[in-house]
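K.L.:
Listed in order, the protein sequences are those of chains Y and S.
Residue numbers for the first sequence, in the UniProt record's numbering: 1 to 424.
Residue numbers for the second sequence, in the UniProt record's numbering: 1 to 399.
Where a beta carbon is used, it is the ideal one built from N, C-alpha and C, also for glycine.
These figures come from a predicted structure and were not determined experimentally.
Structure below; questions to follow.
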Amino acid sequence: MSQHPAPHRRIVAAAAASATLLALAACSTPGAAESTPGVTDETVTVGTHQPLTGPAAAGYSSISAATKAYFDYVNDQGGINGRTIEYVVKDDGYNPATTQTVVRELVQEDEVFAILNGLGTPTHTAVLDYLNQNEVPDLFVASGSTSWNQPEEYPYTFAFNADYVVEGAALAQYAADERPDATVCLLGQDDDFGDEVVEGAELVLGTGGLAEVQRYSVSNQDVTAQIGAMQAAGCEVNLLATVNGFTALAVGTAAKLGYFPAWYSSSSGGDYPTLVGFLGEDLAPKLLQGFISTNYLPFSPDGEWTALFRQINDEYNDGAPFDGNTVYGMSVGYLFAEALARAGDDPTRESLLDAVSSGELVGNGILPLAFGEDSHAAYLGVGITTVDQGVQDFVGTTYALEGGDVVTVEAEPVPLENEGVPAP
Amino acid sequence: MSETTTRAETTPAEATTPGEAARASPRMPRPLRTLRPPGTPRLLPRLTGLPRLLVVAASLTVLAVAGTFLLDPYRNYQLALVAATFCATGGLTLLIGLSGQLSLGHAALMATGGYGYALTANALTEAGVDGVARFVVSLFAAIAAAALLGLLLGLAGARLSGPYLAGVTLALVIALPAVTSVFGGVFRGDQGVQIAYDGVPPALRALIAVEQWQAWVSILVTAVVITWLVAIRRGRLGLRMRAVHGDETAARLAGVRSGRVKVAAFTVSAVSAGAGGAVLCFVTQSVSPGAYTLAFSLLLVVAVVVGGLGSIGGAAVGAVVVVLLPWLIGTGIDAVDLPSEVEQRLSGNLAVLVFGGLLILVTAVWPGGLAGALRRRRIRSSHPAAPPALHPIPTEPER
Chain Y
1 MSQHPAPHRR
11 IVAAAAASAT
21 LLALAACSTP
31 GAAESTPGVT
41 DETVTVGTHQ
51 PLTGPAAAGY
61 SSISAATKAY
71 FDYVNDQGGI
81 NGRTIEYVVK
91 DDGYNPATTQ
101 TVVRELVQED
111 EVFAILNGLG
121 TPTHTAVLDY
131 LNQNEVPDLF
141 VASGSTSWNQ
151 PEEYPYTFAF
161 NADYVVEGAA
171 LAQYAADERP
181 DATVCLLGQD
191 DDFGDEVVEG
201 AELVLGTGGL
211 AEVQRYSVSN
221 QDVTAQIGAM
231 QAAGCEVNLL
241 ATVNGFTALA
251 VGTAAKLGYF
261 PAWYSSSSGG
271 DYPTLVGFLG
281 EDLAPKLLQG
291 FISTNYLPFS
301 PDGEWTALFR
311 QINDEYNDGA
321 PFDGNTVYGM
331 SVGYLFAEAL
341 ARAGDDPTRE
351 SLLDAVSSGE
361 LVGNGILPLA
371 FGEDSHAAYL
381 GVGITTVDQG
391 VQDFVGTTYA
401 LEGGDVVTVE
411 AEPVPLENEG
421 VPAP
Chain S
1 MSETTTRAET
11 TPAEATTPGE
21 AARASPRMPR
31 PLRTLRPPGT
41 PRLLPRLTGL
51 PRLLVVAASL
61 TVLAVAGTFL
71 LDPYRNYQLA
81 LVAATFCATG
91 GLTLLIGLSG
101 QLSLGHAALM
111 ATGGYGYALT
121 ANALTEAGVD
131 GVARFVVSLF
141 AAIAAAALLG
151 LLLGLAGARL
161 SGPYLAGVTL
171 ALVIALPAVT
181 SVFGGVFRGD
191 QGVQIAYDGV
201 PPALRALIAV
211 EQWQAWVSIL
221 VTAVVITWLV
231 AIRRGRLGLR
241 MRAVHGDETA
251 ARLAGVRSGR
261 VKVAAFTVSA
271 VSAGAGGAVL
281 CFVTQSVSPG
291 AYTLAFSLLL
301 VVAVVVGGLG
311 SIGGAAVGAV
321 VVVLLPWLIG
331 TGIDAVDLPS
341 EVEQRLSGNL
351 AVLVFGGLLI
361 LVTAVWPGGL
371 AGALRRRRIR
381 SSHPAAPPAL
391 HPIPTEPER
């Protein structure tokens, strides 16, 4: 075999060159954090994972834009404690595998202060361990799974939504109150979302109280079989544990089958303007007349929060369609700003968590927040909304879950102060 | 493909016909040394055969592990992903390049490994087993599950060929989400299966971050799998796979049992894909159908074609491309500061477009893939005066 000296030298040279390159690109492991990640004298950087593409995009991609618009508004008013808020949004396509990658990128590359409002039960479940192991504040997860409320196991994670058990119980209670003799069924996503709404509904209706439970998978955009089974079972009230896209799909598919039951949706899939986007301006008001949904945010068309958010939406969000996602995204931004304001002049990850678990945050929901030392749940109650003539509003019934029992409570909306910019 | 032809043509004495080369003799010729194109430089010229392979593999592994110290945690995480993907592309390049069977469903085999790993690991966690024992047992369970599925596919593969086989494997990867959804009690539907967090062993905790530890595990598993693949490629089975691919009838006449060779090739590639899926599950602590889509499956094929069919080095290049290109494109899009709507539209989609473009470009310009292109440069530069006819680089696939 050839043993020319020249190639040898070349290989050695190449090896030396690549070693130098690698050394130049050197970084330390494990990195010692000298200062709080994501916080400078002028800025606070937070990150999120959102489905900007993929099966859940159409229902939720506007949330992060709304949050960003609210932060832009706050920044223009001088920021929080003199710092502007930067919001880094990464697309995960509602795919848990991608969430893994983008959240690592946010934490390790972009060095965010906290993860804010990561969206989705299956997606966020994939990074729950990672964030808590790395002691990254994981605030206000955009999902109603009860997984986020485990202070012992996941001290860094806090929920934002009213949890699905609460929503399931409230929907079932409303069905029991309004339609006591109806056959109640459920269509749910085949993950924790579906499981927990079933759990909540069975708190009220008893085990087996749901005449029919059908499940769908997000990766399969066809629910004809499920809707057909519900029709065959004679379901009159259908509880929905569905994301917006599948709510529209379920209602549309049923209409095609000539089947018109009452629909009771959880807040995650019950946003009327978003559903109009799916079903069309002409069909939606007919198909969704009387559509019941839960909500815990200030969504009344004539409310002061809605007016402010509408104004911010026009000024900072290019006048994007104003819907429940807009209110949701801006409410998330408001709650974070409030937590940041309470975290002190030099916020650290610890002081941020202390601020949230102090129990002093009020947020802007229709019921008080449940955050505290041993509770990482945000809202333990929801109001019932209905759609009438194309307008979705609260009917005035509000339920809360108190130790396994559903009770009727009075809504306690938070008044708007300081033009929607939290002060410390 | 280019590699096999190059070798066969440069050393006609060694492998005149597939049959002669593959004749079952107690002492197999050592194809590695004599089949090498003359003039290619090499380190450690005295060492040959298996010892050489082991030494090279060990040094590369040590080098890769040492390299993790130069990387920050996120790069190490990416390195771990590359290593795991390399496991799968290594087996796939052998399957397509050497045995000539096209699998479009390799992501499903990886997923089988991932689920095998996750379910076993969870069962073991419940039984109170953890640490190295849990990892090793789960890894073997993953490999066994993938191998079984690979064997079944291989049995179909031996009876089918070309587009029909590709169709079967394609169906497999398309059916994956439905399978996980129908058996939701076990596979947890789209949410997938999560496994317990596996931190850095206490002894190393002060020294390295968890991502570096994950990179080490990935590199070690991949090193073992790839070394095994290289040994197969150079050994008797590799020769028979080439023979069957080259001319199945001739190979049969020469006594090669082509059906068995094909099944073996499928099983081998399934084992490596399963190991890759298991490592991926270990690194990300979860497995879900969303991680193993049809697009990912096709990307694996693109990776081995772009890297160079049949070439292990090409498979490594392909793995790097699959993992890093989407990230690079994403970073690029972020840097350009496009309007958010355009950005949204591009994210996720542009990577697929670039992969398509890359595939066309590479097959048009360097039919031997990137590995083939590099080899050609090397041969040219070490023999500037040699007429090209002596070292033909085929532009047509065999047969």
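#1: So which of Y:Val251, Y:Pro413, Y:Ala211 has the shortest CA-CA distance to isoleucine 227 of chain Y?
#2: With a 10 Å radius around its C-beta and 16 neighbouring C-beta atoms as the bar for buried, classify threonine 306 of chain Y as buried or exposed.
#3: Express the C-alpha separation of asparagine 149 of chain Y and phenylalanine 69 of chain S in angstroms, rounding to a whole number.
#4: Between alanine 316 of chain S and chain Y, is any beta-carbon pair separated by less than 8 Å?
#5: Using the C-alpha atoms, what's the distance from alanine 250 of chain S back to arginine 242 of chain S?
#6: According to DSSP, is glutamine 50 of chain Y part of a helix, a strand, or is it coil?
#7: Assuming contact is defined by CB atoms lying nearer than 8 Å, are aspartate 190 of chain S and aspartate 191 of chain Y in contact in what I supplied?
#8: If we cut at 8 Å on Cβ distances, does aspartate 130 of chain S have a partner in chain Y?
#9: Mind checking if threonine 125 of chain Y is an interface residue toward chain S, Cβ cutoff 8 Å exclusive?
#10: I'd like the list of long-range same chain contacts for threonine 29 of chain Y, defined as Cβ closer than 8 Å, with 5 residues on each side in sequence excluded.
#11: 8 Å is my cut-off, CB to CB: does leucine 35 of chain S come that close to chain Y?
#12: Give the residues of chain S in contact with asparagine 220 of chain Y, contact being defined as C-beta atoms less than 8 Å apart.
#13: Mind checking whether the beta-carbon of proline 55 of chain Y lies closer than 7 Å to any heavy atom of the ligand GTP?
#14: So, using beta-carbon positions, are asparagine 295 of chain Y and serine 62 of chain Y closer together than 8 Å?
#15: To the nearest angstrom, how far is the alpha carbon of leucine 207 of chain S from that of tryptophan 213 of chain S?
#16: Look at the alpha carbon of residue 429 of chain Y and the alpha carbon of lysine 286 of chain Y, and state the distance between them as a whole number of angstroms.
#17: Mind listing, in chain order, the continuous beta strand (DSSP E) runs of no fewer than 3 residues lying wholly within the stretch 212 to 260 of chain Y?
#18: Taking Cβ positions only, does aspartate 192 of chain Y come closer than 8 Å to chain S?
#19: Could you name each continuous beta strand (DSSP E) segment of 3 residues or more that falls completely within the stretch 93 to 119 of chain Y, going from the start of the chain to the end?
#20: So, at 6 Å on beta carbons, what are the nonlocal neighbours of arginine 215 of chain Y in its own chain, with the 5 sequence-adjacent residues on each side left out?
#21: Could you confirm whether any beta carbon from chain S is found closer than 8 Å to the beta carbon of alanine 114 of chain Y?
#22: Note down the Cα distance separating asparagine 313 of chain Y from aspartate 138 of chain Y, rounded to an integer number of angstroms.
#23: Can you give me the start and stop residues for the alpha helix (DSSP H) that tyrosine 292 of chain S sits inside?
#24: Report the rounded CA-to-CA distance for alanine 65 of chain Y versus valine 56 of chain S, giving the unit in angstroms.
#25: Give the straight-line distance between the Cα atoms of aspartate 76 of chain Y and serine 331 of chain Y, rounded to the nearest whole angstrom.
#26: To the nearest angstrom, how far is the alpha carbon of serine 357 of chain Y from that of threonine 157 of chain Y?
#27: Which value, in whole angstroms, describes the spacing of the CA atoms of serine 25 of chain S and alanine 295 of chain S?
#28: Out of S:Val221, S:Phe86, S:Leu374, S:Val65, state which residue places its alpha-carbon closest to the alpha-carbon of valine 322 of chain S.
#29: Is the beta carbon of threonine 183 of chain Y sitting closer than 8 Å to the one on alanine 201 of chain Y?
#30: Per DSSP, which one or two residues make a beta bridge with alanine 142 of chain Y?
#31: Just checking: is the beta-carbon of arginine 104 of chain Y within a distance shorter than 8 Å of some beta-carbon in chain S?
#32: In chain S, which residues lie less than 7 Å from aspartate 129 of chain Y when you measure between Cβ atoms?
#33: Figure out for me which residue from S:Thr112, S:Pro163, S:Leu165, S:Ile219 has the closest Cα to the Cα of alanine 141 of chain S.
#34: Check this for me: beta carbons of serine 267 of chain Y and glutamate 338 of chain Y, under 8 Å apart or not?
#35: Suppose you measure from the CA of tyrosine 117 of chain S to the CA of serine 288 of chain S; what does that come to, to the nearest Å?
#36: Does the beta carbon of serine 295 of chain S come closer than 8 Å to any beta carbon on chain Y?
P.N.:
To lay it out plainly:
#1: Out of Y:Val251, Y:Pro413, Y:Ala211, Y:Val251 has the C-alpha closest to the C-alpha of isoleucine 227 of chain Y.
#2: Looking at its Cβ environment, which holds 16 or more other Cβ atoms inside 10 Å, threonine 306 of chain Y is buried.
#3: Cα to Cα, the separation comes out at about 37 Å.
#4: With 8 Å as the cut-off, alanine 316 of chain S does not count as an interface residue toward chain Y.
#5: If I take the Cα positions, the gap works out to 12 Å.
#6: Note: glutamine 50 of chain Y maps to strand in three-state DSSP.
#7: Their beta carbons are under 8 Å apart, which means aspartate 190 of chain S touches aspartate 191 of chain Y by this criterion.
#8: Chain Y has no Cβ within less than 8 Å of the Cβ of aspartate 130 of chain S.
#9: Answer yes: the Cβ-Cβ gap between threonine 125 of chain Y and chain S drops below 8 Å somewhere.
#10: Interpretation of threonine 29 of chain Y is limited by its pLDDT of 42, a score under 50 that renders its predicted location unreliable; no figure is taken from the coordinates.
#11: Because leucine 35 of chain S carries a pLDDT of 49, less than 50, the predicted location of this residue cannot be relied on, and no value is offered for it.
#12: Simply Pro177, Ala178, Ser181.
#13: Absence of the ligand GTP is noted for the structure shown, with no ligands found whatsoever.
#14: No; because the gap between Cβ atoms is not below 8 Å, this pair is not in contact.
#15: Cα to Cα, the separation comes out at about 10 Å.
#16: As displayed, chain Y neither begins before 1 nor continues past 424, which places residue 429 of chain Y out of reach and without an answer.
#17: Here the runs fully enclosed are 213 to 216, 237 to 241.
#18: True, the Cβ-Cβ gap to chain S drops below 8 Å.
#19: Here the runs fully enclosed are 114 to 116.
#20: For arginine 215 of chain Y, where only same-chain residues beyond five positions count, the Cβ hits under 6 Å are Gly188, Asp190, Gly194.
#21: Taking 8 Å as the threshold, the shortest C-beta distance from alanine 114 of chain Y to chain S does not fall below it.
#22: If you take the alpha carbons of asparagine 313 of chain Y and aspartate 138 of chain Y, they lie about 26 Å apart.
#23: Looking at the DSSP string, tyrosine 292 of chain S is not in any alpha helix (DSSP H), and its letter there is neither H nor E.
#24: Between the alpha carbons of alanine 65 of chain Y and valine 56 of chain S lies a gap of roughly 52 Å.
#25: Computed Cα separation, rounded: 18 Å.
#26: Approximately 11 Å, taken between the alpha carbons.
#27: Residue confidence is low: serine 25 of chain S scores 43 on pLDDT, short of 50, so the model does not pin down where it sits. Its coordinate-derived value is still stated next. Distance from the CA atom of serine 25 of chain S to the CA atom of alanine 295 of chain S, rounded to whole angstroms, is 44 Å.
#28: Relative to valine 322 of chain S, the option among S:Val221, S:Phe86, S:Leu374, S:Val65 whose CA is nearest is S:Phe86.
#29: Not a contact, by the Cβ cut-off of 8 Å.
#30: DSSP lists Y:Leu119 as the bridge partner or partners of alanine 142 of chain Y.
#31: Yes, its Cβ sits closer than 8 Å to a Cβ of chain S.
#32: Neighbours of aspartate 129 of chain Y on chain S, chain order: Tyr197, Gln285.
#33: Comparing alpha-carbon positions, the option among S:Thr112, S:Pro163, S:Leu165, S:Ile219 lying closest to alanine 141 of chain S turns out to be S:Thr112.
#34: The criterion of a C-beta distance shorter than 8 Å is not satisfied by serine 267 of chain Y and glutamate 338 of chain Y.
#35: Rounded to the nearest angstrom, the two C-alpha atoms are 12 Å apart.
#36: The sequence shown places alanine at residue 295 of chain S, rather than the serine named in the question. No - not a single Cβ of chain Y is within 8 Å of the one on alanine 295 of chain S.
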